[in-house]
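J.: Residue numbers (my numbering), protein chains in the order written: chain A, 168 to 323; chain B, 20 to 307. Built from N, CA and C at the ideal position, the CB exists for glycine as well. One structure is given below, represented as structure tokens, and several questions about it will come after.
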């Protein structure tokens, strides 16, 4: 065990190695490590943000869906109401039309009846006169009796 | 065993002798041919094997880490980058837990200490005769006497290497102490603790006592740091050498010791790093 120059040589070598390590080895490795740390932290951050965004989007989608369902329901109800209304209106129209047609027919029938009555009346008076003529054989003053018969016919 | 004509003692001594190049009083600058030669060189000698292996392993460590640092990507890391990042994060975590000041130096320093010492220690797992034998062959090829080619593979079993590092750490301790407390603060820390009284005269009398205690505490740091690492690895190496001498029976013995030694290797590197951080954090912390 003899101390000699090796001691100083070792000290110098040691100093040089430490200097080199401090200058060229430590900083790049540390920097890479820190950058990676930051990258991972950023990545985790982004992931959690994305999850939150996804949740928000899902909520929004749910809401939109609910709204559209409501809207559809509304539209359906309106359509039903409208359809009922149309049916109702059509029924009313039809009823009115039918009544109108019935009224027309009735008035026509009345007219026919009246005409028939007139005709009947005219013919009844004629028939009556002719019948009376036959019975009485010209003993009747036509003008005089005609008035009488017309009066009678008018009572029919 | 290297050279069957050696005695056990010679074998062990051969293994524990560094390859030394230095200023011999008679031969001038030359390789030491024996332990006595190396001793005669005194301070002006350098352990070629220690320097070679430690610098080689340090360069290997920095090369690998620099390779990753250059193309460090923020994407999914693969292979080597995973490993390097694991080491860096481990060291960074240890530093953050212990050192509360702010310093650009501490973390890379700790990383260098841990990886470098770990690599130097792990050379202990290479069977003890492999590399020395290879060195003898190479030495013989260069015309040297194989018996006089010494080669010690594990730099941390050389007290020069561990002391070199711990003294650098010691210099940093003093530097950080003075920087954070000022020179007067540092001196006060050495002289006004642990005994402190409001009485001025008594305080002056206590200064030498305080100084003696504190200086021992301070100096014990680098010495214990260096000797702990050196002692553990030296002992481990010695046991590997002893195991290598028992012949064929070394196989079942070598394996469990190597497995156990993996623990020591890692633990000692970790302890050296942790204590460095602790010492430096103590040096920067405010006085309480």
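1) Using a Cβ-Cβ cut-off of 8 angstroms (strictly less than) and excluding sequence neighbours within five positions of residue 129(B), which residues of its own chain qualify?
2) Given that residue 77(B) touches chain A, what residues does it touch there, using C-beta distances under 7 angstroms?
3) Thinking just about the alpha-carbon of each residue, which of 188(B), 151(B), 137(B) is nearest to the one in residue 68(B)?
4) For the alpha helix (DSSP H) containing residue 186(A), name the first residue and the last one.
5) What do you get for residue 171(A), buried or exposed, if any count of 16 or more other CB atoms within 10 angstroms of its CB means buried?
6) My parser needs the beta strand (DSSP E) runs of 3 or more residues fully inside the stretch 46 to 129 of chain B; what are they?
7) Does the separation of the CB atoms of residue 26(B) and residue 80(B) fall below 9 angstroms?
8) Within 10 Å of its beta-carbon, does residue 82(B) have 16 or more other beta-carbons around it, so buried, or fewer, so exposed?
9) Indicate whether residue 181(B) and residue 202(A) have their beta-carbon atoms separated by less than 9 angstroms.
10) Name the chain B residues that come within less than 8 angstroms of residue 170(A), Cβ to Cβ?
11) Among 191(A), 196(A), 241(A), 185(A), which residue has its Cα nearest to the Cα of residue 99(B)?
12) Below 8 angstroms on the Cβ atoms is my contact criterion, and I expect residue 287(B) with residue 252(B) to pass it. Report the Cβ-Cβ distance as a whole number of Å.
13) So which residues of chain A does residue 187(B) contact, with C-beta pairs closer than 7 angstroms?
14) Residue 43(B) by DSSP, collapsed to three states: which one?
15) From the DSSP output, in three-state form, read off residue 30(B) for me.
16) Just the Cα atoms here: how many angstroms apart are residue 235(B) and residue 274(B)?
17) Please give the ranges of any beta strand (DSSP E) in the stretch 176 to 255 of chain A, keeping only runs that are unbroken, at least 3 residues long and fully inside the region.
18) Whose Cβ in chain A lies nearer than 8 angstroms to the Cβ of residue 93(B)?
19) Roughly how many angstroms separate the alpha carbons of residue 280(B) and residue 133(B), rounded to a whole number?
20) For residue 173(A), would you say it is in contact with chain B, using Cβ-to-Cβ distances shorter than 9 angstroms as the test?
21) Should residue 147(B) and residue 34(B) be called a contact, given that it needs their Cβ atoms to be closer than 9 angstroms?
T.: In short, the structure shows the following:
1) 110, 113, 114, 292, 295, 296
2) 180, 184
3) 151(B)
4) 172 to 187
5) buried
6) 47 to 50, 64 to 66
7) no
8) So residue 82(B) ends up on the exposed side.
9) no
10) 62, 178, 179, 182
11) 196(A)
12) 7 angstroms
13) 178, 181, 182
14) strand
15) helix
16) 41 angstroms
17) none
18) 199, 202, 203, 206
19) 16 angstroms
20) yes
21) yes
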